[in-house]
Structure formats: C-alpha cells, structure tokens
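In the numbering used here, the protein residues as written are 32 to 148.
Just so you know, even glycine gets a beta-carbon here, dropped at the ideal spot from N, CA and C.
Heads up: the structure comes next, in structure tokens.
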Amino acid sequence: MNKILKGAVISIASVFIAGSAFAGGHDSCGDITIAEMDWASAEFMANVDKIILEEGYGCNVELVPGATMTTFASMDTKGVPDVAPELWANAVQTPLAKAESEGRLFHAKRCANYRCR
C-alpha cells in the first residue's frame with residue numbers, strides 16, 4: 032500500500048512539475064469549462080484538471096455540473112463544457128465517433144500522439 036501511495040504522489044507531482052515548466056512561456060489560456068460529473072472519481076479529476084490549468088497555465092476555469100448523457104449532448108451541440116475528464120464514452124460510442132469524425136469533438140486518448148488536429 033505504501034508503494035502505491037508513493038507512486039501516486041510521484042505521478043501527481045510530475046504532472047504539476049511538467050505543467051509549471053511549460054507555464055512560463057504561455058500567456059493566460061483564457062476561459063475553460065470542465066464538467067464535474069456526478070461520481071467521486073470524476074469530481075476528483077475535474078478538480079485536479081482545474082488546479083493544473085489554473086496554477087500551471089493561468090486559465091480561468093469554471094466547473095459545471097454534469098452527467099454522461101447531458102454533458103455529451105451539450106458538448107456535441109453547444110461545445111460546452113470544453114473538457115469532460117471522465118465521460119463514459121461507451122455510453123455514447125456511436126454519436127461520439129460521429130462527432131469525432133466530423134471534427135466537433137476530440138477524444139484525449141486519441142490525441143495523445145497529436146493525431147487529433
């Protein structure tokens with residue numbers, strides 16, 4: 032258990048270090064909305080993303096309440112929120128694939144190698 036805790040602390044610290052290393056060369060990134068989904072791990076990730084974006088990149092972040100279906104529908108039609116850290120993609124698999132292919136949404140997993148632009 033102690034090794035797991037140390038690994039988690041090191042992982043989180045490396046994210047903050049990497050974020051602050053890049054922050055010096057950026058002006059304010061502007062306003063960003065993040066879905067704060069209605070389950071604990073998603074709420075946690077939304078708040079971690081908020082801290083990284085505000086402290087590391089100077090963003091103005093607003094957390095907005097959400098759930099999978101309503102958040103996806105809003106992102107797909109209105110473009111808000113900007114980020115959904117734990118959107119349950121399996122529940123919206125077909126419309127998500129369509130939105131991705133039409134360029135309305137990007138899936139972070141597929142953007143890891145900069146293939147989403």
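Residue i versus residue j: straight-line alpha-carbon distance, rounded
{"i": "residue 92", "j": "residue 125", "result": "29 Å"}
{"i": "residue 113", "j": "residue 132", "result": "18 Å"}
{"i": "residue 60", "j": "residue 89", "result": "6 Å"}
{"i": "residue 136", "j": "residue 70", "result": "23 Å"}
{"i": "residue 100", "j": "residue 66", "result": "12 Å"}
{"i": "residue 97", "j": "residue 68", "result": "5 Å"}
{"i": "residue 79", "j": "residue 139", "result": "16 Å"}
{"i": "residue 102", "j": "residue 87", "result": "26 Å"}
Endpoints, the alpha helix (DSSP H) within which residue i is located
{"i": "residue 80", "result": "71-82"}
Best match in the options for proximity to residue i [C-alpha to C-alpha]
{"i": "residue 115", "options": "129, 128, 130 and 95", "result": "95"}
Identified DSSP bridge partners for residue i
{"i": "residue 94", "result": "65"}
{"i": "residue 114", "result": "65"}
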